[in-house]
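Here the protein sequences come in this chain order: A and B. When the letters of the first sequence are read in order and numbered with the working numbering, they come out as residues 1 to 180. When the letters of the second sequence are read in order and numbered with the working numbering, they come out as residues 181 to 360.
Number of protein chains: 2
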Amino acid sequence: MVAQRSTATARRESIRQAAGKRFAVSGLHGVSVDTIAREVGISEAYIFRLFGSKRALFIDVVVTACDELTAGMATASEGLSGADALTAMGHAYVALLADQQRLLLPMQGYAACADPIIRQAMQEAFGRLWSTAARASGSAAADVKQFVALGMLTNTLAALDVDHADANWAHAARAFIPFA
Amino acid sequence: MVAQRSTATARRESIRQAAGKRFAVSGLHGVSVDTIAREVGISEAYIFRLFGSKRALFIDVVVTACDELTAGMATASEGLSGADALTAMGHAYVALLADQQRLLLPMQGYAACADPIIRQAMQEAFGRLWSTAARASGSAAADVKQFVALGMLTNTLAALDVDHADANWAHAARAFIPFA
DNA sequence: ATTAGTTGTGAGTACCCACTCACACAAGGA
DNA sequence: TCCTTGTGTGAGTGGGTACTCACAACTAAT
């Protein structure tokens, strides 16, 4: 019973899509490989053939999400510097942020850092993000840290689903979001 | 074979200790109730008797950690207001932060927010933290958000174990920490 | 048509998990 | 002495989990 043949490359991509969606909300240990396989419409065994292990798939997906954020910010700040660059990156961040998955995946990556191999990968990805922000903005280290900190707060608010929460603090938190 | 009798209250407390330690690094799904039970030196069954479910234990431990942070900040800022209050709370945060567990537990709570019951509890705990910061500092909403954002960044850096990382961005990140 | 390479799976294996329940042991009061 | 109350567990149950492997089916080139 073979529904539809595909190339390994294309399969890998649909697996990444489904895995990203699931890992983002449930984390590494909150979803089984079989669940992801069913969503893609293939067998569990084939995921292991294509990615080797659940951990490898997780790292692939999470690091990609981080690097997309980094790349988006680098593009946005091209030709700018200092506060202008940070503002531009902030806008880029907000634009990417419409897709909550991109915020939740890094957070699930941080949460899974008990595993040394995942931690190593996350340190590198976070380092690229930080360095990109630092390079673009010039030398104002304090601004960079505030910028990255706002990003982390945004991740947290996404996890808390503050958009659908109704409380005083939630309104206050939402109000800040377009952080330029 | 009964090693040592104890009161339920005391048992609950040692379970919270062990569970906090494990949940902090591995998250809700990264550790089994049996592992925690062995660490305490009791049977798995007794944990379920005392806490009802793994989720209830997780919420208990994580929300307690959040509220300890909140309480610490409230105490530190007593009698102060505005920037002074935020500075005092920052110092209090740094003091509590020596125990990384207290930072990692909230983050594991955010990461587990796919579960609506956990999300509800985390929203409330986060709301108390935010409101406390807001009340203490007066009305400068922007400052409050920056303050909370730095806290979130600190959580992330703890997860990444930046203290033991050796890279340019890691040095820069560490440099900021005593954020007054 | 045969071969060789790639895509894909069914059926495991060996173990782990949250949770339950009937029951045991201890201690104080009547 | 019995009885109640609270502390504690052994032995499950039913289902899940990551991962493996022998093998099938399709495709393209010779």
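Glycine included, every Cβ here is placed at the ideal spot set by N, Cα and C.
In three-state DSSP terms, what is residue i?
| i | result |
| --- | --- |
| Ser14 (chain A) | helix |
| Ala251 (chain B) | helix |
| Cys113 (chain A) | coil |
| Leu230 (chain B) | helix |
| His215 (chain B) | In the sequence as displayed, the identity of residue 215 (chain B) is Thr instead of His. Reduced to three states, the DSSP call for Thr215 (chain B) is helix. |
| Glu78 (chain A) | coil |
| Ala345 (chain B) | coil |
| Arg5 (chain A) | coil |
| Gly41 (chain A) | coil |
| Phe179 (chain A) | The predicted model places Phe179 (chain A) with a pLDDT of 48, which falls under 50 and marks its position as unreliable; any figure quoted below should be read in that light. DSSP places Phe179 (chain A) in coil when its eight states are reduced to three. |
Using the Cβ count rule (16 or more neighbours within 10 Å means buried), how would you classify residue i?
| i | result |
| --- | --- |
| Ser233 (chain B) | exposed |
| Gly270 (chain B) | buried |
| Asn155 (chain A) | buried |
| Pro296 (chain B) | exposed |
| Ala142 (chain A) | exposed |
| Arg102 (chain A) | buried |
| Gln108 (chain A) | buried |
| Arg5 (chain A) | exposed |
| Thr250 (chain B) | buried |
| Arg202 (chain B) | buried |
| Gln123 (chain A) | buried |
| Gly30 (chain A) | buried |
| Val2 (chain A) | Here the model assigns Val2 (chain A) a pLDDT of 44, short of 50, so the residue's position is not dependable, and the following value carries that caveat. The residue in question, Val2 (chain A), is exposed, as its Cβ has fewer than 16 Cβ neighbours within 10 Å. |
| Phe179 (chain A) | In this predicted model, Phe179 (chain A) has a pLDDT of only 48, less than 50, meaning its place in the structure is not dependable enough to derive any value. |
| Gly262 (chain B) | exposed |
| Arg38 (chain A) | exposed |
| Arg49 (chain A) | exposed |
| Thr255 (chain B) | exposed |
| Arg119 (chain A) | buried |
| Ser257 (chain B) | buried |
| Ser26 (chain A) | buried |
| Ala190 (chain B) | exposed |
Which residues mark the beginning and the end of the alpha helix (DSSP H) in which residue i is found?
| i | result |
| --- | --- |
| His209 (chain B) | No alpha helix (DSSP H) holds His209 (chain B); DSSP gives it neither H nor E. |
| Ala173 (chain A) | Asn168 to Ala175 |
Can you tell me whether residue i sits near the ligand MN, meaning its C-beta is under 7 Å from at least one heavy atom of the ligand?
| i | result |
| --- | --- |
| Glu44 (chain A) | No copy of the ligand MN occurs in the structure displayed, which carries no ligand at all. |
- Query: Can you list the alpha helix (DSSP H) stretches of 4 or more residues lying completely in the segment 83 to 163 of chain A, in chain order?
  - Reply: Within the segment 83 to 163 of chain A, the complete alpha helix (DSSP H) runs of at least 4 residues fall at 101 to 111, 116 to 137 and 141 to 159.
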